[in-house]
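Worksheet: one structure, shown below.
Number of protein chains: 2
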Amino acid sequence: MTVDARFGLDRHVRLPGPLPLDGGASLPEIEIAYETYGAPGAAASNAVLVCHALTGDQHLASPHPRTGKPGWWQRVVGPGKPIDTDRNLVICANVLGSCMGSSGPASVDPASGRPYAMRFPVITIRDMVRAQAALLDHLGIARLKAVVGGSMGGMQALEWAATYPDRVEAALVIASSARHSAQNIAFHEVGRQAIMADPNWRNGDYYDGTPPAAGLAVARMAAHITYLSEAGLTEKFGRRLQARDAKSFGFDADFQVESYLRHQGLSFTDRFDANSYLYITRAMDYLDIAEEHGGSLANAFMGMATRFCLISFDSDWLYPTAESRAIVQALNAAGARTSFVELSSPFGHDAFLLENTEMDRVIAGFLASR
Amino acid sequence: MTVDARFGLDRHVRLPGPLPLDGGASLPEIEIAYETYGAPGAAASNAVLVCHALTGDQHLASPHPRTGKPGWWQRVVGPGKPIDTDRNLVICANVLGSCMGSSGPASVDPASGRPYAMRFPVITIRDMVRAQAALLDHLGIARLKAVVGGSMGGMQALEWAATYPDRVEAALVIASSARHSAQNIAFHEVGRQAIMADPNWRNGDYYDGTPPAAGLAVARMAAHITYLSEAGLTEKFGRRLQARDAKSFGFDADFQVESYLRHQGLSFTDRFDANSYLYITRAMDYLDIAEEHGGSLANAFMGMATRFCLISFDSDWLYPTAESRAIVQALNAAGARTSFVELSSPFGHDAFLLENTEMDRVIAGFLASR
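Residue numbers (this note's numbering), protein chains in the order written: chain A, 19 to 388; chain B, 19 to 388.
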């Protein structure tokens with residue numbers, strides 16, 4: 019048996035361009051960091067693409083090479099697991115615009131030999147999907163058995179179906195939305211302004227100096243609140259104080275929730291690039307699949323054979339059930355085969371990353387049926 | 019008729035201390051900026067104290083002396099209005115810790131001759147109420163016909179009743195809470211971290227230099243989202259673009275909601291002191307009236323003759339109806355005379371500041387009954 023170097027963990031490929039982008043610009047070439055799990059079947063008919071969320075990465079089901087932490091969906095993806103790597107070739111690629119090995123603002127612009135920084139073109143979710151399609155071409159995968167994603171991953175799954183309906187047999191969209199609401203945009207804008215307010219940001223040209231870590235930490239803190247539910251925060255922290263067990267009457271992190279948020283903010287700056295945060299949040303804010311199809315979301319999916327499954331969580335206020343329901347209504351209007359379930363969880367938007375046997379059952383069932 | 023200089027618009031008084039504070043420190047003296055409307059009745063039996071919110075001021079029902087804008091509750095307070103200044107002496111004082119003329123971190127510390135900055139003691143909502151009680155002593159007002167407030171103003175109204183039950187005939191608490199939840203604390207902590215991340219903050223000692231305006235603007239932007247409802251934001255802005263009517267594929271404020279938030283952030287820095295923002299948010303986060311009374315909110319109001327009225331708004335997710343309901347249950351358990359209404363509004367927490375004829379009717383009715 020010959021080893022095909024295109025498949026396996028911690029892969030990296032440079033694909034020739036140009037890759038045309040929604041904004042009118044194009045990238046002369048793109049790099050994609052990705053991983054695959056399981057073995058390609060006949061004609062790659064068992065390929066499942068999993069798309070990651072805003073700050074995710076390609077280390078889906080293997081330990082992160084730097085931190086040693088388990089892959090972000092290792093609970094769901096693996097031998098005998100809901101996304102079964104004994105049966106499927108599972109692929110996960112770092113999105114365009116990110117900072118985990120795929121092309122993004124921290125990448126070197128071949129034209130100048132220096133990091134793109136803010137000279138990287140503004141991209142869309144559809145552009146991310148185009149880059150993934152180029153990767154599948156490289157892997158010799160014409161058609162996906164399924165594309166799966168939560169949050170921004172779900173947005174990509176929807177864009178996959180809308181952009182390449184003939185390449186997508188089934189799309190599984192979890193805790194997601196087909197467009198960013200005013201409130202979604204508002205939270206992202208706070209994060210971007212926090213980054214840009216940091217003097218170390220220097221219009222994005224910080225790669226040879228100190229990165230805008232303080233601003234990025236504030237951005238992460240604000241976003242993190244939206245990932246949790248009010249009830250979840252109350253259950254997890256309530257008004258509990260830190261170890262010293264008394265109010266300091268100062269500005270230290272008295273409450274556990276403060277300490278938790280500060281930690282979330284700081285640890286994020288170790289692993290994420292501030293400019294990537296700007297670009298990816300922008301891509302999400304620009305998302306409005308209906309707008310791309312004459313104002314009708316149903317038009318985006320009209321007459322396609324792709325099967326859909328949507329999952330929402332009752333405590334998710336970032337992409338609430340109403341957003342999934344709007345997608346389901348459009349899919350029904352388009353005549354697409356669609357199933358939909360709202361699951362109960364106290365954990366808000368983050369629920370899709372956490373233990374949820376109901377979700378596991380829905381994922382496994384949807385992938386098993388054809 | 020002699021004019022009593024203690025009453026009228028744009029008043030300012032320096033009260034001798036020491037004012038003991040919940041944190042154990044005390045202030046050697048306090049300054050209070052306040053306004054009164056209407057005339058004192060016999061034995062000041064018609065005094066209504068209105069307490070302002072986090073970023074509010076004493077200019078309740080008169081044009082702001084600097085901006086010329088109408089008072090923040092001019093719609094509700096005035097001759098023949100729900101809080102009728104023909105019948106009542108209405109008082110509004112800038113809270114302790116603020117920056118509109120009352121003592122706060124920007125005030126000069128008499129001990130050093132320099133601004134307190136972060137040497138100002140951390141205060142609580144109850145400390146704000148103590149300062150107001152000292153003002154009432156100065157005005158010769160032994161007892162309030164009513165104390166009224168929305169948001170942090172409602173917290174003060176509750177603390178008034180809990181701390182000085184014999185001085186409060188009635189308390190009207192609008193869109194408020196008896197304690198800050200984990201999510202409330204989390205949002206405030208994001209704002210504080212945004213301010214402290216601004217290098218111009220310089221541990222609070224910026225009064226002879228450039229203030230941390232960028233950090234304060236980010237704090238305000240994050241807070242502002244919590245003042246509006248998701249539906250209200252969608253109705254007001256949706257995904258509408260700015261005048262140029264096309265996505266820029268850049269990082270300008272493409273969406274109207276972005277431009278609105280940036281404006282809210284920037285204009286706030288003209289009128290508010292960043293250190294005051296730290297101190298007042300801290301006071302709100304520390305609020306837990308039950309904790310101050312052995313863990314039982316009912317204990318705080320046990321056996322008192324004060325009448326209560328609570329108003330919540332169905333779209334308010336900052337201090338949702340459940341918080342008001344918890345207060346009402348405690349008041350009922352304490353045997354207090356209590357009325358409660360949840361009003362419908364699309365405007366979220368901000369509803370208490372906006373046109374709402376139902377609210378006007380409840381306020382007027384509650385103040386008219388005795």
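Glycine included, every Cβ here is placed at the ideal spot set by N, Cα and C. For clarity, every value in this text was computed on a predicted model and none was experimentally measured.
- The residue from B:297, B:35, B:378 with its alpha-carbon nearest to that of residue 128 of chain B is B:35.
- Excluding its 5 nearest sequence neighbours in each direction, residue 376 of chain B has C-beta neighbours in its own chain below 7 Å: 361, listed in chain order.
- Note that the C-beta distance between residue 191 of chain B and residue 176 of chain B is below 8 Å.
- Residue 163 of chain B sits buried, since 16 or more C-beta atoms from the chains shown fall within 10 Å of its C-beta.
- Using a CB distance cut-off of 8 Å, residue 306 of chain B counts as an interface residue toward chain A.
- Counting C-beta pairs closer than 8 Å gives three or more between the stretch 150–170 of chain B and the stretch 103–118 of chain B, which meets the contact rule.
- With a threshold of 16 other beta carbon atoms within 10 Å, residue 264 of chain A falls short and is exposed.
- Along the length of the stretch 245–285 of chain B, whole alpha helix (DSSP H) runs at least 4 residues long occupy 248–254, reported in chain order.
- Three or more Cβ pairs closer than 8 Å define a contact, and the stretch 63–82 of chain B falls short of that threshold against the stretch 372–386 of chain A.
- In the DSSP assignment, residue 30 of chain B forms a beta bridge with B:51.
- For residue 196 of chain B, the three-state secondary structure derived from DSSP is coil.
- The Cβ atoms of residue 366 of chain B and residue 250 of chain B sit closer than 8 Å to each other.
- Sequence-ordered contacts of the stretch 189–201 of chain A with chain B read 197, 198, 199, 200, 201 [C-beta pairs closer than 9 Å].
- Residues of the stretch 241–260 of chain A with a C-beta atom less than 7 Å from some C-beta of chain B are 243, 248, 251, 252, 255, 256, 257, listed in chain order.
- Taking residue 272 of chain A as the centre and dropping the five residues before and after it, the same chain places the C-beta of 259, 260, 265, 266 closer than 8 Å to its C-beta, in chain order.
- For residue 356 of chain B, DSSP records a beta bridge to B:326.
- Within the DSSP secondary-structure output, residue 38 of chain B pairs in a beta bridge with B:44.
- In the three-state reduction of the DSSP assignment, residue 147 of chain B falls in the helix class, which pools H, G and I.
- Look at the stretch 119–172 of chain B and you find these whole runs of alpha helix (DSSP H), each 4 residues long or longer: 143–157.
- Using a Cβ-Cβ cut-off of 8 Å, residue 365 of chain A does not count as an interface residue toward chain B, since no Cβ of chain B sits closer than that to its own.
- When the five nearest sequence neighbours on each side are left out, the beta carbons in the same chain lying within less than 6 Å of the beta carbon of residue 89 of chain A are those of 77, 78, 79, 80, in order along the chain.
- Contact between residue 68 of chain B and residue 31 of chain B is ruled out by a C-beta separation of about 17 Å, above the 8 Å threshold.
- Straight-line spacing of the CA atoms in residue 40 of chain A and residue 268 of chain A works out to 49 Å.
- Checking the DSSP bridge columns, you'll see residue 306 of chain B partnered with B:197.
- At a beta-carbon threshold of 8 Å, the residues of chain B lying near residue 217 of chain A are 217, ordered along the chain.
- Short of 7 Å from the beta carbon of residue 257 of chain B, and not among the five residues preceding or following it, lie these beta carbons of its own chain, in chain order: 273.
- Taking all protein chains shown into account, residue 29 of chain B has 16 or more neighbouring C-beta atoms within 10 Å of its C-beta and is therefore buried.
- Across the structure, residue 44 of chain B and residue 37 of chain B are spaced so that their CA atoms are roughly 5 Å apart.
- Going by beta carbons, residue 329 of chain A and residue 380 of chain A fall inside the 8 Å limit.
- The beta-bridge partner set that DSSP reports for residue 331 of chain A consists of A:361.
- If you ignore the 5 residues before and after residue 157 of chain B, its C-beta comes within less than 6 Å of the C-beta of 24, all in its own chain and listed in chain order.
- The beta carbon of residue 338 of chain B is closer than 8 Å to those of 330 in its chain, skipping five residues each way along the sequence.
- Note on residue 356 of chain B: 16 or more other CB atoms within 10 angstroms of its CB, so buried under the neighbour-count rule.
- Annotated as distal: residue 245 of chain B and residue 145 of chain B, with beta-carbon spacing of 8 Å or more.
- Taking a Cβ-Cβ cut-off of 7 Å, the neighbours of residue 233 of chain B in chain A comprise 215, given in sequence order.
- The residue from A:141, A:65, A:363 with its alpha-carbon nearest to that of residue 303 of chain A is A:141.
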